[in-house]
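Notes follow the structure.
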Amino acid sequence: MKNEREFLTPGDCENNDTNSRRCEFDIKNEQLFFTPDSKIDILFAGDSITHFMEAGQFYHKFGFIVNRGIGGDMANTLAWRFAADVTQLAPRLCIILVGCNNLWFLEDCIDSETGDYREEDQQKAVKIIIDSHVKMINEAKENGIEIWVGSLLPQGAQVGNNAIRNKIIKRVNGELEKMCAEMGVTFIDYFSNMTKEDGLTLLDNTSREGIHPNHAGYELMRQVLEPKLCEFFKK
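Whatever position you read off the sequence shown (first residue = 1), add 125 for the numbering used here.
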């Protein structure tokens with residue numbers, strides 16, 4: 126029974142953005158944790174892409190949906206709070222989408238000769254993102270939780286350096302997909318459904334300001350995710 130285990134409240138994180146919903150999530154998690162027979166069907170976890178998604182609107186037919194997204198969160202800080210916001214709630218399925226915010230520091234790491242982010246800094250960012258995902262996947266598996274990994278989303282022209290940002294985002298997605306294959310985890314490729322024929326440029330009119338999807342963007346994500354959910358839940 127859930128209430129026979131210790132309820133986790135992780136406290137403050139080094140990332141202030143991650144702390145922004147800590148009180149809210151602790152209160153909500155406690156209600157779920159101590160409610161007899163409560164069973165979460167899908168728990169979405171991640172950064173602002175998840176935070177701003179009206180998950181119940183898009184996926185309500187699959188049961189009880191919980192959203193644990195935090196604007197500004199990073200892969201390593203989601204891994205830090207994973208035990209509290211995912212593991213102890215024991216969802217049937219957890220879907221994570223995180224890592225974009227781990228790339229912002231690269232704006233200070235542009236090679237003046239190539240105009241691209243320095244390779245050593247790209248490698249550093251990719252390693253943090255992949256290592257964090259591996260940690261979350263292992264924790265989920267150890268606790269019998271099905272976990273899926275979403276790709277990072279392309280960014281639009283409103284975002285500075287979006288061309289080279291989309292290149293590193295595509296690189297991260299390639300590494301995430303490879304990792305998922307090696308670990309036997311489902312990879313959700315939102316990116317390919319949201320880009321033009323060049324495979325890098327964000328489709329027009331799918332984002333609010335080049336980062337966060339508008340309704341059309343979330344609908345494109347739903348088109349990718351829903352068939353997999355139907356198969357998982359046999360609907």
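Cβ coordinates follow ideal geometry from the N, Cα and C atoms, glycine included.
Keep in mind the model is a prediction, meaning the values are calculated, not measured.
Span of the alpha helix (DSSP H) holding residue i?
{"i": "residue 288", "result": "287-308"}
{"i": "residue 202", "result": "200-210"}
{"i": "residue 268", "result": "Neither: residue 268 is in no alpha helix (DSSP H) and is coded neither H nor E."}
How close, in whole Å, do the beta carbons of residue i and residue j come, if the pair is a contact with beta carbons under 8 Å?
{"i": "residue 208", "j": "residue 264", "result": "7 Å"}
{"i": "residue 194", "j": "residue 170", "result": "7 Å"}
{"i": "residue 259", "j": "residue 313", "result": "17 Å between Cβ atoms; not a contact."}
{"i": "residue 196", "j": "residue 236", "result": "Going by Cβ atoms, the distance from residue 196 to residue 236 rounds to 30 Å, so no, they are not a contact pair."}
{"i": "residue 166", "j": "residue 189", "result": "5 Å"}
{"i": "residue 315", "j": "residue 183", "result": "Not a contact, Cβ separation roughly 13 Å."}
{"i": "residue 250", "j": "residue 278", "result": "Actually they are not in contact, since the Cβ atoms of residue 250 and residue 278 sit about 16 Å apart, beyond 8 Å."}
{"i": "residue 325", "j": "residue 295", "result": "6 Å"}
Quick check on residue i: does DSSP put it in helix, strand or coil?
{"i": "residue 274", "result": "strand"}
{"i": "residue 219", "result": "strand"}
{"i": "residue 169", "result": "strand"}
{"i": "residue 345", "result": "helix"}
{"i": "residue 195", "result": "coil"}
{"i": "residue 239", "result": "coil"}
{"i": "residue 176", "result": "helix"}
{"i": "residue 143", "result": "helix"}
{"i": "residue 163", "result": "coil"}
{"i": "residue 352", "result": "helix"}
{"i": "residue 231", "result": "helix"}
{"i": "residue 133", "result": "coil"}
{"i": "residue 214", "result": "helix"}
{"i": "residue 325", "result": "coil"}
{"i": "residue 190", "result": "strand"}
{"i": "residue 340", "result": "helix"}
{"i": "residue 359", "result": "coil"}
Can you say whether residue i is buried or exposed, counting buried as having 16 or more other CB atoms within 10 angstroms of its CB?
{"i": "residue 337", "result": "buried"}
{"i": "residue 332", "result": "buried"}
{"i": "residue 320", "result": "buried"}
{"i": "residue 269", "result": "exposed"}
{"i": "residue 256", "result": "exposed"}
{"i": "residue 225", "result": "buried"}
{"i": "residue 239", "result": "exposed"}
{"i": "residue 204", "result": "buried"}
{"i": "residue 273", "result": "buried"}
{"i": "residue 262", "result": "buried"}
{"i": "residue 329", "result": "exposed"}
{"i": "residue 341", "result": "exposed"}
{"i": "residue 283", "result": "exposed"}
{"i": "residue 176", "result": "buried"}
First and last residue of the beta strand (DSSP E) that includes residue i?
{"i": "residue 311", "result": "311-313"}
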